[in-house]
Amino acid sequence: MKGLLYYFSGTGNTKWVADILKKHFRNNKIDLELLNIEKVDEIKLNQLDFLIIGSPVYAEMEPKIVDNFLNKLPICIKNLKTIIYATQGGKSSSAPAIIAKKLKNKGYNIFIEECIKMPNNYYFLLNKEPNINEYDKILYNAECKVKLIVENFIKNNKLKKENSLIRIKLGKTCGNFFRRMIPKISKNITATSECTKCGICLTNCPNGNITFEDGKAVFHSKCMMCLRCIYACPVNAIRYKGKKIKQVQKDRIKEVIK
Ligand SMILES: Cc1cc2nc3c(=O)[nH]c(=O)nc-3n(C[C@H](O)[C@H](O)[C@H](O)COP(=O)(O)O)c2cc1C
């Protein structure tokens, strides 16, 4: 049996879950290949037994980069079994249901839709201090959920959380509003003079939104608010609203930057 997992991960959480899924499928002698959608030119779904889509949640919905990928997915003629998971700071979101609807319309057989709580990388939106003491427990619970996904999938059990239509509608409204606000919100991201111009933010920005001009990092208008630049900066020189951010994704972001 062979599966393919396409993911986008701004700061490493969604990739962390992808790695744990791979581990648990491997424990069951099932091969799972992981592919970062940022690096995918051609989508190949031949000779696959199942497909997994992993996405972070931005204001209740999947980010636009995931949407663009979903639009490119071919129509499915063989009713491919599909698992959708979203990682978020809260317990649940509308994202898996929104993604599932798009894939169902293309003929995919949605088997599992799951929300997996991970550390909130946007904790500072509400000026909150992150509670790092909770992280071990959050990661432990996330792994338990992954185990459950794999067990149910192998036993051919469908696993879906029924979201109310109102929740999904509200989620879409909230997500689309947020998308429209991104050009304005992203202006809150700036670099200080501590920046050493190492270029890590520049080479790892999924939208190629950062350049150096006159010796300074400049953030242009294509930001998607993935926050990778903030967490990847080796000297923590990137600010949000002028504030220094605790780099709580340090451990997990390593897996998504070069
Ligand atoms: C722009 C933005 C919006 C977010 N919105 C939500 C949200 O609506 N609900 C939530 O629970 N978490 C939200 N989060 C937290 C992330 O979904 C969460 O930390 C996720 O696991 C990050 O995954 P990644 O590290 O793979 O990018 C948001 C994060 C960002 C950057």
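Using this note's numbering, the final residue of the sequence shown is 254, and nothing's skipped along the way.
We put the beta carbon where it would ideally sit given N, CA and C, even for glycine.
For clarity, every value in this text was computed on a predicted model and none was experimentally measured.
Practice prompt. Assign E209 to one of two classes, buried (16 or more other C-beta atoms within 10 Å of its C-beta) or exposed (fewer than that).
Written response: Counting Cβ neighbours within 10 Å, E209 comes out exposed, since fewer than 16 surround it.
Practice prompt. Would you kindly work out how many angstroms separate the C-alpha atoms of I106 and K77, rounded to a whole number?
Written response: Rounded to the nearest angstrom, the gap between the Cα atoms of I106 and K77 is 6 angstroms.
Worksheet item: From Y227 to K100, what distance separates their C-alpha atoms?
Response: Using only the alpha carbons, I get a separation of about 35 angstroms.
Discussion item. List, from N- to C-terminal side, the alpha helix (DSSP H) runs of 4 residues or more that fit wholly inside the segment 113 to 192.
Written reply: Listed in chain order, they are 131 to 150, 161 to 181.
Fill in: Opposing strand residues paired with E110 [DSSP bridges]
Bridge partners of E110 according to DSSP: Y81.
Item to complete: Find the nearest neighbour of V244 within the set F4, E125, K25, judged by alpha-carbon distance.
Response: The candidate whose alpha carbon is nearest that of V244 is E125.
Discussion item. If I measure Cβ to Cβ from C219 and keep anything under 6 angstroms in the same chain, skipping five residues before and after, which residues do I get?
Written reply: Within the same chain, C219 has close Cβ partners S182, N205.
Worksheet item: Hey, how far is the Cα of C229 from the Cα of H216?
Response: One C-alpha to the other measures close to 17 angstroms.
Worksheet item: Alpha carbon to alpha carbon, what distance is there between C225 and K246?
Response: Going from the Cα of K246 to the Cα of C225 covers about 12 angstroms.
Worksheet item: K11: beta carbon under 7 angstroms from a heavy atom of ligand 1?
Response: At least one heavy atom of ligand 1 lies closer than 7 angstroms to the C-beta of K11.
Fill in: N-terminal and C-terminal residue of the alpha helix (DSSP H) that L198 is part of
Start and end: 196 to 200.
Worksheet item: Touching or not, the segment 140 to 156 and the segment 56 to 76, by the rule of three or more beta carbon pairs under 8 angstroms?
Response: Contact check between the segment 140 to 156 and the segment 56 to 76: fewer than three CB pairs, one atom from each, fall below 8 angstroms, which does not count as touching.
Worksheet item: Comparing alpha-carbon positions, which option in C170, I16, K11, L122 lies nearest Y136?
Response: Each of C170, I16, K11, L122 was checked against the Cα of Y136, and the nearest Cα belongs to I16.
Worksheet item: By how many angstroms is the C-alpha of Y3 removed from the C-alpha of F174?
Response: Their Cα atoms are separated by approximately 21 angstroms.
Worksheet item: In the structure shown, what three-state DSSP assignment does V244 receive?
Response: Three-state DSSP puts V244 in coil, outside helix and strand.
Worksheet entry | Own chain partners of N9 with C-beta closer than 8 angstroms, once the 5 adjacent residues on each side are dropped | The residues are P52, T83, M114, P115, N117, Q245, R248.
Worksheet item: Exposed or buried, K11, counting other C-beta atoms within 10 Å across all chains shown (16 or more means buried)?
Response: Burial state of K11 is buried, judged by a 10 Å Cβ sphere holding 16 or more other Cβ atoms.
Discussion item. Below 7 angstroms, is the gap between the Cβ of S5 and the nearest heavy atom of ligand 2?
Written reply: Of the ligands one can find in the structure shown, namely ligand 1, none is ligand 2.
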